[in-house]
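Q: For the sequence shown, this note's numbering assigns the number 2 to the initial residue and increments by one for each residue that follows.
Where a beta carbon is used, it is the ideal one built from N, C-alpha and C, also for glycine.
Since the model is a prediction, treat every value here as computed from it, not as a measurement.
There's a structure below that I have some questions on.
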Amino acid sequence: MSFRWTDAEVRAALGMPRGEGIRDAVYSRVSTDSRTVEASDLFVALDGDRFDGHDFVLAALERGAAGAVVSRDVVSDPDPRFYAVPDTLVALGDLARHRRKSLSAKVVGITGSSGKTTTKDLLAEALGGTLSVHQTKGNLNNRIGLPLTILATPAAVDVLVLEMGTNEPGEIGSLTHIAGPHVGVITTVSEAHLEKLGSLRGVMEEKLDLLKGLPADGLAVVGDEPPELEIEARALVPSVVVSGWSGRALPENRPESPVVGDNGCFRFRWRGEKVELSLPGRHSVTNALLALAVAEALGVPPGDAARGVGSVKPGGMRGEVRSLGGLTLLVDCYNANPQSLRAALELLSTVRASGRRVAVLGSMLELGEEEKALHLEALEETLSYPLDLVVATGLFADAAEEMTRAAAGPELLVAPGLDQAREALLLALEGT
């Protein structure tokens, strides 16, 4: 049976006294997009950087919406169809939190500086052979996407898997408050979104807000890097599982007998089961182990979980392998940061190649005051890998001008703009 959004339920969610004008109203669902509103929807008018939903309230009503949540007047006279709130974004979260309380599903929250979306997909597949799962679509992991995911969750779902992203202090705490997770997963913590989070410590504190919001009997599942992550997790949650390659993870949470294929994908054993990943790179093994640990905690048989993680393919621009003529492209540029770049370089060095290995580096964004130093450090590290050619663009081109390098190592081409990089790369690859 689907959830009934009565007027009383809406007012309870928003902390409003019961009204008179639309007390018999029943809404089929909650919508934030006036273009896709359907009959009997409740429209929430969000105020965004490029639009204001209040400008589309009347259009939503004309399309069939039966009510609207607003934070300012859209008509001159009072309208009983409107729920007036101070902040419609907060109201959307309140509606989702109210809906969450009605669900019997176990809720898993996943955050981290990298690997969130991949781990979410791995977990959904690890669970899917045994349990019914609803999950975040793509990477809709913010204060709009997460509430909408919860609001769209069917009543009969066993597990709700929610990705949680952040680029400013307090966002993970807000998402955790809305989601009420039983299990919290932190993939890793590294230099990402420093522009607003300030420092690596700021990133750590932000991610740990997920664990601070777990219930007393909650479970934390964390990656083994950096080492401080385990220490911080154990200080907050009694039950912690650490997964990864290092000795910080128990043997049963490390890959047993790992072997890497020519395509960079690993196969290994876990809980006596054979795991064959379709995702390349050592970091993918850690992400898979995180998913397997959660699946085990939720009662999924090891064989089902192992088969599930093996079915996941790379997502767009995340360790994606493409063929272009005689070239094999490793595309890993979605929201890059120093740690994700390192993982991509390790993969590039691992994959068997008959020709040259070339790395094209584009700017890493939202690194704040550390931007210049982190690009210089990352470029120096890149030049230590067994590569043939490195093309430095954008902020990496600026870093190249600052550095002093030894004669050894890969050839370095500096091309500040994309057009320059394209021409330099075409010339370098001529005849390939």
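State the DSSP-derived secondary structure class of residue 106, mapped to helix, strand or coil.
A: Translated into the one-based positions of the sequence shown, residue 106 becomes position 105. Of the three classes helix, strand and coil, the one that applies to residue 106 here is coil, per DSSP.
Q: At a cut of 8 Å, does the region 240 to 255 reach the region 286 to 301 through at least three beta carbon pairs?
A: yes
Q: Within the region 344 to 432, note down every full alpha helix (DSSP H) run reaching 4 residues or more, in order along the chain.
A: 372 to 383, 395 to 403 and 419 to 429
Q: Which of the three DSSP states, helix, strand or coil, is assigned to residue 314?
A: Counting from 1 along the sequence shown, the entry for residue 314 is found at position 313. Coil, per DSSP.
Q: The alpha helix (DSSP H) with residue 128 in it runs from where to where?
A: By one-based count along the sequence shown, residue 128 stands at place 127. 117 to 129 is the extent of the alpha helix (DSSP H) around residue 128.
Q: Report buried or exposed for residue 260, applying the criterion of at least 16 other Cβ atoms within 10 angstroms of its Cβ.
A: Your numbering for residue 260 matches position 259 in the sequence shown. It counts as exposed.
Q: Below 8 Å on the Cβ atoms is my guess for residue 163 versus residue 147; work out the distance and round it to an integer in Å.
A: Along the sequence shown, one-based indexing puts residue 163 at 162. Along the sequence shown, one-based indexing puts residue 147 at 146. With a Cβ gap of about 6 Å, residue 163 and residue 147 count as contacting.
Q: Are the CB atoms of residue 185 and residue 221 within a distance shorter than 8 Å?
A: Looking up residue 221 in the sequence shown gives position 220. Looking up residue 185 in the sequence shown gives position 184. Closer than 8 Å, so yes.
Q: Output yes or no for whether 8 Å exceeds the beta carbon distance between residue 33 and residue 149.
A: Residue 33 sits at position 32 when you count from the first residue of the sequence shown. Residue 149 sits at position 148 when you count from the first residue of the sequence shown. Yes, the pair counts as a contact, with Cβ atoms nearer than the cut-off.
Q: With DSSP run on the structure shown, which of helix, strand or coil describes residue 79?
A: Here residue 79 refers to the residue found at position 78 when the sequence shown is read from its first residue. It is coil, neither helix nor strand.
Q: Within its chain, find whatever has a CB closer than 7 Å to the CB of residue 136; leave out the 5 residues flanking it on each side and keep chain order.
A: The count along the sequence shown starts at 1 and reaches residue 136 at position 135. Around residue 136: 121, 125 and 162.
Q: Rank 281, 272 and 274 by C-alpha distance to the C-alpha of residue 264 and give the top, closest one.
A: Looking up residue 264 in the sequence shown gives position 263. Residue 264 has its Cα closest to that of 281, out of 281, 272 and 274.
Q: If I measure Cβ to Cβ from residue 410 and keep anything under 6 Å in the same chain, skipping five residues before and after, which residues do I get?
A: Within the sequence shown, residue 410 is the residue found at index 409, counting from 1. These residues qualify, in order along the chain: 384.
Q: Going straight from the alpha carbon of residue 398 to that of residue 415, what length do you get?
A: Here residue 398 refers to the residue found at position 397 of the sequence shown. Here residue 415 refers to the residue found at position 414 of the sequence shown. One alpha carbon belongs to residue 398, the other to residue 415, and they sit about 5 Å apart.
Q: Going by beta carbon distance, what residues of the same chain come within less than 6 Å of residue 267, once the five residues before and after it are set aside?
A: Counting from one through the sequence shown, the residue named residue 267 turns up at place 266. Contacts found: 259, 261, 278 and 286.
Q: Tell me the residue span of the beta strand (DSSP E) that contains residue 221.
A: By 1-based counting over the sequence shown, the position of residue 221 is 220. Taken as a continuous stretch (DSSP letters only), the beta strand (DSSP E) holding residue 221 covers 220 to 224.
Q: Does the region 302 to 314 come within contact of the region 183 to 198, defined as at least 3 CB pairs closer than 8 Å?
A: no
Q: Should residue 284 go down as buried or exposed, given a rule of 16 or more other Cβ atoms within 10 Å for buried?
A: For the purposes of this step, residue 284 is taken as the residue at position 283 of the sequence shown. Buried, since its Cβ has 16 or more Cβ neighbours within 10 Å.
Q: Check residue 272 in the structure and name its three-state DSSP category.
A: Translated into positions along the sequence shown, residue 272 becomes position 271. DSSP places residue 272 in coil when its eight states are reduced to three.
Q: Quick check: what's the CA-CA separation for residue 37 versus residue 357?
A: As a position in the sequence shown, residue 37 is number 36, starting the count at 1. As a position in the sequence shown, residue 357 is number 356, starting the count at 1. If you take the alpha carbons of residue 37 and residue 357, they lie about 49 Å apart.
Q: From residue 367 to residue 257, what does the alpha carbon distance come to, in whole angstroms?
A: Position 366 of the sequence shown holds residue 367. Position 256 of the sequence shown holds residue 257. Straight-line Cα distance between these residues: approximately 37 Å.
Q: Grab the span of the alpha helix (DSSP H) containing residue 284 for me, first residue to last.
A: What you label residue 284 is simply residue 283 of the sequence shown in a count that begins at 1. Residues 283 to 298.
Q: Given this structure, state the Cα-to-Cα distance separating residue 334 from residue 318, to the nearest angstrom.
A: Here residue 334 is taken as the residue at index 333 of the sequence shown, counted from 1. Here residue 318 is taken as the residue at index 317 of the sequence shown, counted from 1. In a straight line, the C-alpha of residue 334 is about 6 Å away from that of residue 318.
Q: Can you say whether residue 178 is buried or exposed, counting buried as having 16 or more other CB atoms within 10 angstroms of its CB?
A: On the sequence shown, position 177 is the one that residue 178 refers to. By the beta-carbon neighbour count (other beta carbons within 10 angstroms, threshold 16), residue 178 is exposed.
Q: Assuming residue 238 and residue 231 form a contact by the criterion Cβ under 8 Å, report the distance between their Cβ atoms to the nearest whole angstrom.
A: Position 237 of the sequence shown, counting from 1, holds the residue named residue 238. Position 230 of the sequence shown, counting from 1, holds the residue named residue 231. Residue 238 to residue 231, Cβ: 11 Å. No contact.
Q: Starting from residue 136, follow its DSSP beta bridges and name the residues at the other end.
A: Counting from 1 along the sequence shown, the entry for residue 136 is found at position 135. Answer is 162.
Q: Taking all protein chains shown into account, decide if residue 233 is buried (16 or more other Cβ within 10 angstroms of its Cβ) or exposed.
A: Position 232 of the sequence shown, counted from the start, is the residue given in the question as residue 233. Classification for residue 233: buried.
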